[in-house]
Amino acid sequence: MFTSSHLLGHLLYKRELQNYYFSYITIIVRNVKTLMFTCILFFYTGEQTVVLLPRSPSPSKRYFPIPLDSLEDQFRICSADDCKLFREEFNSLPCGYQHSSFEEASRVINRDKNRYPNILPYDHSRVLLTQIDGYSCTDYINASYIDGYKEKNKFIAAQGPMHDTVADFWRMVWEQKTATIVMLTNLKERKEDKCYQYWPDQGCWMYGNVRVAAEDFTVLVDYTMRKFCVQYQGSDGPRAPCLVTQLHFTNWPDFGVPFSPIGMLKFLKKVKTVNPSYAGPIVVHCSAGVGRTGTFIVIDAMVDMMHVEQRLDVFGFVTRIREQRSQLVQTDVSMTLSHPSLTTLSTFQMQYSFIYQALLEYYLYGDTELDVSSLEGHLQKLHNTRAPLERLGLEEEFRKLTNVRIMKENMRTGNLPANMKKNRVLQIIPCKEYPDTLNCSILHYNATTIKLLTEGLLHRYPRSSVPHGGGLLEDGVGVQVSLYCHAH
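The sequence shown begins at 1 in full-length UniProt numbering and counts up by one.
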């Protein structure tokens, strides 16, 4: 648990003293008995800070692994009452390893290498770079080794590179024999710099002694895959080049978590497929290297655990990896201050509940992607009868679709009184992230946006033709397909 002195030790410095002013927020958390914890968080106009909310002073509870056959019921129970039980579980997590230190990260010479002054690697688990000319200060980078389910140091959790740390980042990739980089942030979000572009779009660039050449890239709806030829140019001549693949997940919204875990699960599958077995640790980074980074690592580990043990232990695993890097699976709640309409759940614990949502999705539906070459065999399999319910495979697959949990909070816009009369079927309402002027949804295939108008114009509400036509013009729709059943 952070004490006020511990937290202030990482906040009370700034890169420049000129033209900076600060304000502060005092957060007071009172224990029912005697404890009063005061945490003063400073916001510098010239330096970004990840705001970490103090945990509830409720006593820690022990949470046991969940068998897969109980996962769906457990998820439903924990999601009730605005995810009350998920919040309790999240608040029982330890912040990190209480007996560790941040001495190397806190050295004056290394401070400018930290994107956020309160997100630092532990001394015992930090990644050490090879020293340059014997200078100890050249071995520091804000990155930590993180274990996988069974594999030690499977990942490196890192902050998003900055302009002055790009050379160190590529030096780490080379020295650690990394073949896969997972990027979970965009370069800018909410008009804030989250990560410096550390790769060339085309051609090649030198980052320190590391030459990085762009080889290929593929843009998909949820992520972009880039391939680079990386070569170290040492004083004794160039080394043999290696291929490094960057998988950049681009569908994480500025606020909250992805609307559906499907994209993340497909992304995870691609990471597992692309990364060769002989490679070094997978480098995973977002901006701070704790929130989205931790979420991805936990989902990966729990998917592996599900296959081996037929159960999962999210609480136990997060507790364990927080001993390697503090605050993993920790939402950047600075969005709360700039977006006060967001609830406490949606800005703080939602990454934790998103992990469970993704794991439940994986358990219920598995991997639904098919290669074209295997389609015929899959169809034959679906047409075979399955015991003991004598249900065809097609029927069973459709039944799973009907069990998809509907998030009612995502349908609030369509349920507003002003929009209710625009819905032909009250049970079919578009998601809140899509236009509320007419009943429609948006699909994506690769990087192409496809607007689907899911119902015809209403005779009882002819004015719907106005937003209907306006929506078509606004979105540049060139073709409209109408399917009518006159019997209705």
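In this text, a Cβ means the ideal position worked out from N, Cα and C, and glycines have one as well.
Sequence-distant partners of ILE262 (beyond 5 residues in either direction) whose C-beta falls short of 7 Å from its own C-beta, in its chain, are GLU361. Excluding residues up to 5 positions away in sequence, LEU382 lie with their Cβ nearer than 8 Å to the Cβ of GLU397 in the same chain.
For the 8 Å CB-CB criterion, TYR122 and ARG325 form a contact. With respect to the 8 Å criterion, THR250 and TYR232 are not classified as neighbours on the basis of their beta carbons. ASN384 sits exposed, since fewer than 16 C-beta atoms from the chains shown fall within 10 Å of its C-beta. Per DSSP, ASP236 has no beta-bridge partner at all. Put simply, the backbone Cα of ARG320 is about 30 Å away from that of LEU187.
The three-state secondary structure of ILE119, taken from DSSP, is coil. PHE315 places its beta carbon less than 8 Å from that of LEU93. For CYS204, the enclosing beta strand (DSSP E) has its first and last residue at 204-207.
In this structure the stretch 175-191 lies against the stretch 278-285, because at least three pairs of beta carbons, one per stretch, are closer than 8 Å. The three-state reading of DSSP puts PHE90 in helix, counting H, G and I together. DSSP links GLN231 through a beta bridge to ARG211. Across the structure, ARG239 and SER353 are spaced so that their CA atoms are roughly 45 Å apart.
Residue pairing for ILE282: DSSP places it in a beta bridge opposite PHE155.
Spanning the alpha carbons of CYS204 and CYS242 requires a straight line of approximately 14 Å.
Excluding the 5 residues flanking it on each side, ASP304 has same chain C-beta neighbours closer than 8 Å at GLY148, TYR149 and LYS150, in chain order.
Secondary structure note for SER144: its beta strand (DSSP E) is the uninterrupted segment 143-146. For GLU192, the pairing in a beta bridge is given by DSSP as GLU189. Around the beta carbon of THR293, a 10 Å sphere encloses 16 or more other beta carbons of the protein chains shown; the residue is thus reported as buried.
One alpha carbon belongs to ILE66, the other to GLY237, and they sit about 54 Å apart. Short of 6 Å from the beta carbon of LYS191, and not among the five residues preceding or following it, lies no beta carbon of its own chain. Assigned with DSSP and collapsed to three states, ILE428 falls in coil, not helix or strand.
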